[in-house]
Structures are given as structure tokens and as C-alpha cells.
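Start counting the sequence shown at 5; every next residue gets the next number (the numbering used here). Just so you know, even glycine gets a beta-carbon here, dropped at the ideal spot from N, CA and C. Small disclaimer: the values here were computed from a predicted structure and weren't measured. To keep things clear, I will list the structure first and then write my remarks on it.
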Amino acid sequence: MNEAQLLGPRAYGDALGSAVLKATAEDFQVDEVLDIPLSGDGEH
């Protein structure tokens, strides 16, 4: 069974293209902003 059979008919015909967005961990960047002071104690 292919994707078209699983999804059923499309309202506006076949897709005009395809894309893969943000597929791997390298596609994301996180900037952590802490508003509390770090004590330096505890497990890491």
C-alpha cells in the first residue's frame, strides 16, 4: 500500500512538489537563557 492509498484522494489534485524541513538534530539550535544564578553544586 502506498502513501496515496493511505491518505485517500486529494482535494486539489496531486502535489506540485515535496520538501523535508528540519529533519535532523543539526537543523535545530537552542539558546538556553536561565534567569536564576547557578550554584555549581549538584549532579550533572
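Nearest-angstrom Cα distance between residue 25 and residue 33? Straight through space, the alpha carbons of residue 33 and residue 25 are spaced by roughly 14 Å.
Under the three-state reduction of DSSP, which class applies to residue 9: helix, strand or coil? helix
Whole angstroms is fine: what's the gap from residue 7's alpha carbon to residue 47's? 47 Å
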